[in-house]
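Everything below concerns the one structure shown next.
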Amino acid sequence: MKGSVKNAPPGRNRNRARFNLRGRVMLVVGALGLCSVSLVGRAAYVQLVNSDFYQREGNERFVREIEIPISRGMITDRNGEPVAVSSPVESIWCDPQELLKTPDRLPELAAALGEPLDALTSRISQRAEKEFYYLKRRINPDEAKRILAHGVPGVYSKREYRRFYPQGEAMAHVLGFTNIDDRGQEGVELAFDEWLRGTPGAKKVIRDRRGRIVENVDLIKQAQPGKDLILSIDRRIQFLAYRELRNALVSHDASSGSAVVLDVATGEVLAMVNLPTFNPNAASLGKADAHRNRAITDMIEPGSTIKPITAAAALVAGAVTPATQFNTAPGWIPNGRWRTTDTHNYGVLDVTGIIRKSSNVGAAKLAALVPDQQYYEFLRKFGYGSKTGSGFPGEAAGKLVPPNRWSGTTK
13 MKGSVKNAPP GRNRNRARFN LRGRVMLVVG ALGLCSVSLV GRAAYVQLVN
63 SDFYQREGNE RFVREIEIPI SRGMITDRNG EPVAVSSPVE SIWCDPQELL
113 KTPDRLPELA AALGEPLDAL TSRISQRAEK EFYYLKRRIN PDEAKRILAH
163 GVPGVYSKRE YRRFYPQGEA MAHVLGFTNI DDRGQEGVEL AFDEWLRGTP
213 GAKKVIRDRR GRIVENVDLI KQAQPGKDLI LSIDRRIQFL AYRELRNALV
263 SHDASSGSAV VLDVATGEVL AMVNLPTFNP NAASLGKADA HRNRAITDMI
313 EPGSTIKPIT AAAALVAGAV TPATQFNTAP GWIPNGRWRT TDTHNYGVLD
363 VTGIIRKSSN VGAAKLAALV PDQQYYEFLR KFGYGSKTGS GFPGEAAGKL
413 VPPNRWSGTT K
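Counting the sequence shown from 1 gives a position; this note's numbering is that position plus 12.
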């Protein structure tokens, strides 16, 4: 019939389908085989032919565990005014093993550090087996950036912090100072070092050949920044006490002195100054003796400050009442081979008058009325012969001898 289409025999269609399937399988197998040959060839090339190149490339990126730096806690006065703060700085360090692989770069590095080449070479050579060594500590970030810009292999930077004391020598003995590793050395910096210091963290990173971090791999330990510390000190009163003590030393031609200002209602220390003093921002330049907090470390006779305590002991012992009167005339009384004297003849004084006039004669008569052992225990309760618990390093406990060693003069 015209225009009709003849159908192919069923057997021929099945042969054609079988051929097409076989062709596709052979094509896939061939492609996989070609890929396998290519991968094997590439592996052989990398491992056998060009292994040195890829080894160098791999070495230029390495995993290293680094410290996460933390800032030391801030110290403020009672009004929240900063008296000790930390500012970020950079420290330049090197891997001596890596640095010594390119000794021709040492002159360039020495010039960047501002150090004689011989001195730098000696320092590095003595530590040739180490993997970490500081080249320059606590410099400003711009200087560190300038040194690193030279791209000397094995030279890196590390973030650190440097302590700054705005009040300088006026608060030196209260605050103390820190060393180059930011550890407290004197004053409250030492007494509360653990509180202020915190705990650095740690993490694994990948660095490139120039020491730059290209990837953070893993956090090993979370950083715990240092905690802030509030003092009872008032920095304004502190400065006034410092100024007046300095003037007093000049007017009396004295070599040293101390002044402590207390809140009589709470016992809080509002100011504590000593002279001679030092600049805590450059503590290493000062004389060692100037670092001594004399108000804390030196034993000083209580003087007239003991008179109110003597009066209280007599009142508690029931030996007197506030109205009990004492004749202090003629302004002195014999005391063994010595005399106990007043600056004036105050005549008859009651207990309050003895305190008001600071009468030595009246105080001696009050003390004589209190039994020795009872007086001794009373002084102990007031803290005589014991440390205050302030935590200041080198604090002296004072000296209070037992009653069996007292005499008329010492009581």
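Where is the CB? At the ideal position from N, CA and C, for every residue including glycine.
Next on the checklist: Tell me which residues share the same chain as Gly166 and place their Cβ nearer than 6 angstroms to its Cβ, disregarding the 5 neighbours each side in the sequence.
Outcome noted: For the purposes of this step, residue 166 is taken as residue 154 along the sequence shown, with counting starting at 1. Annotation for Gly166: Cys106, Asp107, Glu110, Leu111 place their beta carbon closer than 6 angstroms to its own, counting only its chain and skipping 5 residues before and after.
Next on the checklist: For a minimum of 4 consecutive residues, which ranges assigned as the alpha helix (DSSP H) are wholly contained in the stretch 250-338?
Outcome noted: List check, alpha helix (DSSP H) in window: 306-309, 319-328.
Item to check | Per-residue burial, Gln250 [other beta carbons within 10 Å of its own, 16 or more giving buried] | outcome: Translated into the one-based positions of the sequence shown, residue 250 becomes position 238. Per the 10 Å Cβ criterion, buried.
Item to check | Beta-carbon contacts of Arg117 that lie in its chain and below 6 angstroms, excluding the five residues immediately before and after | outcome: Your numbering for residue 117 matches position 105 in the sequence shown. The residues are Val164.
Checklist entry - For the alpha helix (DSSP H) that contains Ser134, what are its first and last residues? => result Counting from 1 along the sequence shown, the entry for residue 134 is found at position 122. For Ser134, the uninterrupted alpha helix (DSSP H) run begins and ends at 129-137, by DSSP.
Item to check | Buried or exposed (CB count within 10 angstroms, at least 16 for buried), Asp275 | outcome: Counting from 1 along the sequence shown, the entry for residue 275 is found at position 263. Asp275 should be labelled exposed.
Checklist entry - So what's Ile245 in DSSP terms, helix, strand or just coil? => result Residue mapping note: residue 245 aligns to position 233 of the sequence shown, counting from 1. Coil, per DSSP.
Checklist entry - Near Thr309, what residues of its chain come up, given a Cβ to Cβ distance below 6 angstroms and the 5 sequence neighbours on each side ignored? => result The residue labelled residue 309 in the question sits at position 297 within the sequence shown. Closer than 6 angstroms at Cβ, skipping near neighbours: Gly406, Ala408.
Checklist entry - Looking at C-alpha atoms only, which residue of Leu129, Ser103, Arg174 is the closest neighbour of Leu147? => result For the purposes of this step, residue 147 is taken as residue 135 along the sequence shown, with counting starting at 1. Selected option, being the one with the closest Cα: Ser103.
Item to check | Cutoff 8 angstroms; reference Arg158; Cβ partners in own chain excluding five residues on either side | outcome: One-based indexing of the sequence shown puts residue 158 at position 146. Result list for Arg158: Ala124, in chain order.
Item to check | For Gln179, the nearest candidate out of Ile136, Pro128, Val285 (CA to CA) | outcome: As a working note, residue 179 is residue 167 in the sequence shown. Proximity to Gln179 across Ile136, Pro128, Val285 peaks at Val285, based on C-alpha coordinates.
Next on the checklist: Just list the residues that DSSP pairs Leu361 with in beta bridges.
Outcome noted: As a position in the sequence shown, residue 361 is number 349, starting the count at 1. Beta bridge pairing from DSSP links Leu361 with Phe338.
Checklist entry - Rounded to a whole number of angstroms, what is the C-alpha to C-alpha distance between Val363 and Asn91? => result Residue 363 sits at position 351 when you count from the first residue of the sequence shown. Residue 91 sits at position 79 when you count from the first residue of the sequence shown. When the Cα atoms are used, Val363 and Asn91 turn out to be separated by approximately 38 angstroms.
Checklist entry - Are at least three pairs of beta-carbons, each pair with one atom in the stretch 335-348 and one in the stretch 357-371, less than 8 angstroms apart? => result Contact between the stretch 335-348 and the stretch 357-371 is present, with at least three C-beta pairs closer than 8 angstroms.
Checklist entry - What are the start and end residues of each continuous beta strand (DSSP E) run of 3 or more residues lying completely inside the stretch 108-193, in chain order? => result Taking only runs of at least 3 residues, the beta strand (DSSP E) segments lying wholly in the stretch 108-193 are 145-151, 167-176.
Checklist entry - What did DSSP end up calling Leu46 once you bin it into helix, strand or coil? => result Position 34 of the sequence shown, counting from 1, holds the residue named residue 46. Here Leu46 sits in helix by DSSP.
Next on the checklist: Rounded to whole angstroms, what is the Cα-Cα separation between Asp194 and Gly298?
Outcome noted: Position 182 of the sequence shown, counted from the start, is the residue given in the question as residue 194. Position 286 of the sequence shown, counted from the start, is the residue given in the question as residue 298. About 18 angstroms.
Checklist entry - If you draw a straight line from the alpha carbon of Ala379 to that of Val186, how long is it in whole angstroms? => result Along the sequence shown, read from residue 1 onward, the residue named residue 379 stands at position 367. Along the sequence shown, read from residue 1 onward, the residue named residue 186 stands at position 174. Linking Ala379 to Val186 through their CA atoms gives a straight-line distance of about 35 angstroms.
Next on the checklist: Tell me which residue opens and which closes the beta strand (DSSP E) that Glu102 is part of.
Outcome noted: Locating residue 102 in the sequence shown gives position 90, counting from the first residue. Counting along the chain, the beta strand (DSSP E) containing Glu102 begins and ends at 94-106.
Next on the checklist: Per DSSP, what are the beta-bridge partners of Ala214 in this structure?
Outcome noted: Walking along the sequence shown from the start, residue 214 turns up at place 202. Ala214 pairs with Glu79, Lys233.
Next on the checklist: Distance check for Arg248 and Tyr254, CA to CA, integer angstroms please.
Outcome noted: Locating residue 254 in the sequence shown gives position 242, where the first residue counts as 1. Locating residue 248 in the sequence shown gives position 236, where the first residue counts as 1. Tyr254 and Arg248: Cα-Cα distance of roughly 10 angstroms.
Checklist entry - In terms of residue numbering, what span does the beta strand (DSSP E) encompassing Arg392 cover? => result Residue mapping note: residue 392 aligns to position 380 of the sequence shown, counting from 1. From DSSP, Arg392 is part of no beta strand (DSSP E) but of the alpha helix (DSSP H) over 384-393.
Item to check | Closest residue to Ala140 among Ala300, Thr114, Ala156 (Cα-Cα distance) | outcome: Against the sequence shown, residue 140 aligns to sequence position 128. Sorting Ala300, Thr114, Ala156 by C-alpha distance to the C-alpha of Ala140 places Thr114 at the top.
Item to check | Segment contact flag, the stretch 317-325 with the stretch 386-393, C-beta cutoff 8 angstroms, min 3 pairs | outcome: Verdict: yes, contact present.
Item to check | Alpha-carbon to alpha-carbon, Tyr168 and Glu93 | outcome: Sequence index remark: in the sequence shown, residue 93 carries index 81 (1-based). Sequence index remark: in the sequence shown, residue 168 carries index 156 (1-based). Linking Glu93 to Tyr168 through their CA atoms gives a straight-line distance of about 36 angstroms.
Checklist entry - Glu77 and Ile232 look like a contact to me (Cβ under 8 angstroms); what is the Cβ gap, rounded to whole Å? => result If you number the sequence shown from 1, residue 77 lands on position 65. If you number the sequence shown from 1, residue 232 lands on position 220. Separation of the CB atoms of Glu77 and Ile232 is rounded to 7 angstroms, and the pair is thereby assigned contact status at 8 angstroms.
Checklist entry - Quick one, are the C-beta atoms of Ile82 and Pro237 less than 8 angstroms apart? => result By one-based count along the sequence shown, residue 82 stands at place 70. By one-based count along the sequence shown, residue 237 stands at place 225. Yes, these two residues count as a Cβ contact at 8 angstroms.
Next on the checklist: Is the separation between the beta-carbon of Ser268 and that of Pro288 shorter than 8 angstroms?
Outcome noted: Against the sequence shown, residue 268 aligns to sequence position 256. Against the sequence shown, residue 288 aligns to sequence position 276. Taking 8 angstroms as the Cβ cut-off, Ser268 and Pro288 qualify as a contacting pair.
Checklist entry - What does Glu227 pair with, by DSSP beta-bridge criteria? => result Along the sequence shown, read from residue 1 onward, the residue named residue 227 stands at position 215. In DSSP, Glu227 forms a bridge with Ile218.
Checklist entry - In this structure, what does DSSP give as the bridge partners for Pro346? => result Within the sequence shown, numbered from 1, the residue matching residue 346 stands at position 334. In the DSSP output, where bridge partners are listed per residue, Pro346 has Arg351.
Item to check | Simplified DSSP assignment, three categories, for Gly196 | outcome: Numbered from its first residue, the sequence shown carries residue 196 at position 184. Note: Gly196 maps to strand in three-state DSSP.
Checklist entry - Would you say Val101 and Arg150 are within 8 angstroms of each other, going by their C-beta atoms? => result Taking the sequence shown and counting its residues from 1, the one referred to as residue 101 is at position 89. Taking the sequence shown and counting its residues from 1, the one referred to as residue 150 is at position 138. Yes, these two residues count as a Cβ contact at 8 angstroms.
Checklist entry - In terms of alpha-carbon separation, which member of Ala326, Ser134, Glu155, Ala307 lies closest to Gly199? => result Along the sequence shown, one-based indexing puts residue 199 at 187. Nearest option by C-alpha distance: Ala307.
Checklist entry - Should Leu282 be labelled buried (16 or more other beta-carbon atoms within 10 Å of its own) or exposed? => result Here residue 282 is taken as the residue at index 270 of the sequence shown, counted from 1. By the neighbour-count criterion, in which 16 or more other beta carbons inside 10 Å mark a residue as buried, Leu282 falls on the buried side.
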